[in-house]
Amino acid sequence: MSQGWLPVLTLATSLLVAPLIFALPERAWRARAVVNLSAAVLKILLVALLVLGFYQGRDFVFGFTVVEGASFLLQVDALGLMFAGLSSLLWLATTIYAIGYLEDSPNRKRFFGFFSLCVASTAGIALAGNLFTFLLFYELLTLSTYPLVVHRGHAKALAAGKVYLRYTVTGGLVLLLGVVALYALVGDVAFGQRERLADLGPDAYPLLTVLFLVLLVGLGVKAALVPLHGWLPRAMVAPAPVSALLHAVAVVKAGAFGIVRLVYDVYGISLVHELGLLTLLAAIASVTILFGSIRALSQQELKPRLAYSTISQVSYIVLGISLFGPFGTIAGLVHLMHQGLMKVTLFYCAGNYAEELGIHRIDELDGAGRRMPLTSLAFTVGALGMIGLPPVAGFISKWYLGIGAVQADMSWAIAVLAASSLLNAAYFLPIVHRLWFRQGPAHGRGRWPEERHLGRFETSTWLLLPTAATALFSILVGLLAGVPFSPLDLATFMATVEYLP
């Protein structure tokens, strides 16, 4: 079999599973679970083969012409592999979690069908070899995640879904406009052909600047850059597995991934620097980082606080790539993985508290560490990682961001990082204090809002295992950051071999 078919098979593991799930009867939950889990494991194995082949110097390319001047192209590179690896690992974890979370819930067939389409869209974005293919899967991601956002079907969910569609469809149209204009200017450009735009010369710089800003706005909606972030907090009415998917790997991360592609693989970092756009990117990222952290402080419910935290944390990726130097690049790329692991852990924990104890508000968490120690330990790990404390993965990201800021002679970025870390501590540490040091129902004071006993342990094993696993991975990728195939190793490889001029 041609090596070009391997990325196609990787994409097909989730794309073809979706219609099969839709075809299964609603009551066939065992068959649906087997199909979901088997496909998720198969995708991980296929991505592992892609990684091994890539390190051995093999090329994985599949493409065909759709219309004259536009081709469908799947292509494997280091950045795409990093994103595909993240999505495949978290698809398996979130599938396990969702099976337990949605037990006895209605419309599970619909949920898991669109869930698979969402993961297929993310894989397509990761493996897209040009802007045309990227745009196809980027828009499919919008359409496949909308039913997940409105899954509960009540008025608040439907209202949030309307806001979500308004933002993401508008962003998609802006992105389409930018892609069409760029194609009219230079034709079909595969990712990595940076010289096509650079060769246009200084006379084209004003037009290239405008097109960059148009593309940035289109991508910035899903990346939740301020002021394009309004959909994200409202989308928290979705079930916890959806929230985890939106924040850790799918929608928000797809927008940030697209911005990385735009800077490094469409324009090239040198051209973006010559256009004077890196400073603008850094300023937008810094405003978003501080805004998200400040707004998180005032949230009294757990999931909205985590949502504003995401707005802040994802912009570390944008800040990293805007620091013109290898360490900033490494920081931005490695945070693509690290933020996903830590944030999915936090949303799993929020879902565990809600399902087991009926907890949604932060002031209801008093003493929950005694009642749900493993979940609370996982939340503590995720929170400390977001603050940037060792040995959790977030420390590696912020360490390299700081070095990158010094290397780029942007001392003000260090001030932004310091302020953000203090704000992170201000909105996460009080939660940790409530979990472990406040007395609550677990100490005989009052009752939990809606306590259920979902399993032999503190909650259902389906909910507990993914939570513990992602928390453990958040620690391991920090402790073992220097080993081969770690996120830091992949990011360093990209920065030194592929992404810097």
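Numbering (this note's numbering) for the sequence shown: 2 to 502.
Just so it is clear, CB atoms sit at the ideal spot from N, CA and C, and this is done for glycine as well.
None of these values were measured; they are calculated from a predicted model.
Is the beta carbon of Thr460 less than 7 Å from the beta carbon of Glu357?
As a first step, residue 460 is located in the sequence shown; it is residue number 459 there, counting from the start. As a first step, residue 357 is located in the sequence shown; it is residue number 356 there, counting from the start. In contact: Thr460 and Glu357 (Cβ atoms closer than 7 Å).
Can you give me the Cβ contacts of Gly483 inside the same chain, cut-off strictly under 8 Å, excluding the 5 residues immediately before and after it?
On the sequence shown, residue 483 is found 482 positions in, with the first residue counted as 1. Around Gly483: Leu489, Asp490.
Is it right to say Gly386 is buried, meaning 16 or more other beta carbons lie within 10 angstroms of its own, or is it exposed?
Here residue 386 corresponds to residue number 385 of the sequence shown, with the count starting at 1. Per the 10 Å Cβ criterion, buried.
Could you pull the start and end residues of the alpha helix (DSSP H) that Ala127 belongs to?
Working through the sequence shown from its first residue, we reach residue 127 at position 126. From DSSP, the alpha helix (DSSP H) with Ala127 extends over 109-128.
Segment contact, 8 Å Cβ cut-off, at least three pairs: the region 266-274 with the region 187-203
Output reads yes: the region 187-203 touches the region 266-274.
State the Cα-Cα distance for the pair Ala419 and His339, rounded to the nearest angstrom.
By 1-based counting over the sequence shown, the position of residue 419 is 418. By 1-based counting over the sequence shown, the position of residue 339 is 338. Spanning the two alpha carbons is a distance of roughly 19 Å.
Near Gly259, what residues of its chain come up, given a Cβ to Cβ distance below 6 Å and the 5 sequence neighbours on each side ignored?
Looking up residue 259 in the sequence shown gives position 258. Excluding its 5 nearest sequence neighbours in each direction, Gly259 has C-beta neighbours in its own chain below 6 Å: Leu220, listed in chain order.
Quick one: does Ser422 have its CB under 7 Å from some CB of chain B?
The structure shown contains no chain B, having only a single protein chain.
Distance, Ile404 Cα to Ile415 Cα
Counted from its first residue, the sequence shown places residue 415 at position 414. Counted from its first residue, the sequence shown places residue 404 at position 403. In a straight line, the C-alpha of Ile415 is about 9 Å away from that of Ile404.
Provide the residue span of the beta strand (DSSP E) that contains Gly456, from first to last.
Indexing the sequence shown from 1 puts residue 456 at position 455. Careful: Gly456 lies outside any beta strand (DSSP E) and carries neither H nor E.
In this structure, does DSSP put Ala469 in helix, strand or coil?
Counted from its first residue, the sequence shown places residue 469 at position 468. DSSP places Ala469 in helix when its eight states are reduced to three.
Cα-Cα separation, Val180 to Val190:
As a position in the sequence shown, residue 180 is number 179, starting the count at 1. As a position in the sequence shown, residue 190 is number 189, starting the count at 1. Val180 and Val190: Cα-Cα distance of roughly 10 Å.
By Cβ distance, which residues of its chain are closer than 8 Å to Phe458, with the 5 residues on each side in sequence left out?
Against the sequence shown, residue 458 aligns to sequence position 457. So the qualifying residues of the chain are Leu375, Leu465.
Can at least three beta-carbon pairs, one atom from the region 326-337 and one from the region 397-412, be found at a separation below 8 Å?
Result yes; three or more Cβ-Cβ pairs closer than 8 Å.
Length of the line joining the Cα atoms of Gly162 and Tyr147:
Your numbering for residue 162 matches position 161 in the sequence shown. Your numbering for residue 147 matches position 146 in the sequence shown. Each residue's Cα considered, the two are about 6 Å apart.
Helix, strand or coil for Gly1? Go by DSSP, reduced to three states.
This structure leaves residue 1 out entirely; the chain is present only between 2 and 502.
Residue range of the unbroken beta strand (DSSP E) whose run includes Val68:
Translated into the one-based positions of the sequence shown, residue 68 becomes position 67. That run of the beta strand (DSSP E) goes 62-68.
Give me the residue from Met83, Val335, Ile45, Gly172 with the minimum Cα distance to Gly231.
By 1-based counting over the sequence shown, the position of residue 231 is 230. Looking only at Met83, Val335, Ile45, Gly172, the smallest Cα-Cα distance to Gly231 is reached by Gly172.
Measuring only the C-alpha atoms, how far is Val67 from Phe133?
Numbered from its first residue, the sequence shown carries residue 67 at position 66. Numbered from its first residue, the sequence shown carries residue 133 at position 132. Each residue's alpha carbon lies about 10 Å from the other.
Taking the alpha carbon of Val253 as the point to measure from, which residue in Thr169, Leu176, Leu281 has its own alpha carbon closest?
Against the sequence shown, residue 253 aligns to sequence position 252. Among Thr169, Leu176, Leu281, the Cα nearest to that of Val253 belongs to Thr169.
Would Gly383 and Leu347 be called neighbours here (beta carbons separated by less than 7 Å)?
In the sequence shown, the residue the question calls residue 383 occupies position 382. In the sequence shown, the residue the question calls residue 347 occupies position 346. In this structure, the beta-carbon distance from Gly383 to Leu347 falls below 7 Å.
Assuming the contact rule is C-beta atoms closer than 8 Å, Gly441 and Ala369 should be a hit. Round their C-beta distance to whole Å, please.
As a first step, residue 441 is located in the sequence shown; it is residue number 440 there, counting from the start. As a first step, residue 369 is located in the sequence shown; it is residue number 368 there, counting from the start. Correct: roughly 7 Å between the Cβ atoms.
N- and C-terminal bounds of the alpha helix (DSSP H) containing Ala191
Position 190 of the sequence shown, counted from the first residue, corresponds to residue 191. First-last for Ala191: undefined, no H or E at that position.
What span of residues does the alpha helix (DSSP H) with Ser145 cover, start to end?
For the purposes of this step, residue 145 is identified with residue 144 of the sequence shown, where counting begins at 1. 132-150 is the extent of the alpha helix (DSSP H) around Ser145.
Is it right to say Met2 is buried, meaning 16 or more other beta carbons lie within 10 angstroms of its own, or is it exposed?
For the purposes of this step, residue 2 is taken as the residue at position 1 of the sequence shown. In this prediction, Met2 scores a pLDDT of 44, lower than 50, which makes its location untrustworthy; no coordinate-derived value is stated.
Do Ile295 and Ser421 count as a contact pair if the criterion is CB distance below 7 Å?
Residue mapping note: residue 421 aligns to position 420 of the sequence shown, counting from 1. Residue mapping note: residue 295 aligns to position 294 of the sequence shown, counting from 1. No. Outside cutoff.
Does DSSP put Ala71 in a helix, a strand or coil?
The count along the sequence shown starts at 1 and reaches residue 71 at position 70. It is a strand residue.
Which residue's Cα is closest to the Cα of His434: Leu74, Ser377, Leu473?
Residue numbering aside, residue 434 sits at position 433 when the sequence shown is read from its first letter. Residue Ser377 is the option with its Cα nearest to His434.
Helix or strand or just coil, what does DSSP make of Glu27?
Walking along the sequence shown from the start, residue 27 turns up at place 26. The answer is coil: DSSP assigns Glu27 none of H, G, I, E or B.
Nonlocal neighbours in the same chain, by C-beta distance under 7 Å from Gly479, ignoring five residues either side
Indexing the sequence shown from 1 puts residue 479 at position 478. Closer than 7 Å at the Cβ level, and outside the excluded window around Gly479, lie Pro391, Pro392, Val393, Ala394, Phe396, Ile397.
Which ranges does the alpha helix (DSSP H) cover as unbroken runs of at least 4 residues, wholly within the region 172-241, from first to last along the chain?
Those alpha helix (DSSP H) runs which fall completely within the region 172-241 and span 4+ residues are 196-199, 206-223, 232-235.
Let me know if Thr96 comes out buried or exposed under the rule of 16 or more other beta-carbons within 10 Å of its beta-carbon.
One-based indexing of the sequence shown puts residue 96 at position 95. That one is buried.
Is Glu104 helix, strand or coil by DSSP?
Along the sequence shown, one-based indexing puts residue 104 at 103. Glu104: coil per DSSP, three-state reduction.
If you count every other CB in all the chains shown that lies within 10 Å of the CB of Phe63, and 16 or more means buried, which is it?
Residue 63 sits at position 62 when you count from the first residue of the sequence shown. So Phe63 counts as buried.
Nearest-angstrom Cα distance between Val72 and His454?
The sequence position of residue 72 within the sequence shown is 71, counting from 1. The sequence position of residue 454 within the sequence shown is 453, counting from 1. It should be noted that the sequence gives Ser, not Val, for residue 72. Approximately 53 Å between the Cα atoms of the pair.
May I ask which residues mark the beginning and end of the alpha helix (DSSP H) holding His339?
For this step, residue 339 is matched to residue 338 along the sequence shown. That run of the alpha helix (DSSP H) goes 327-358.
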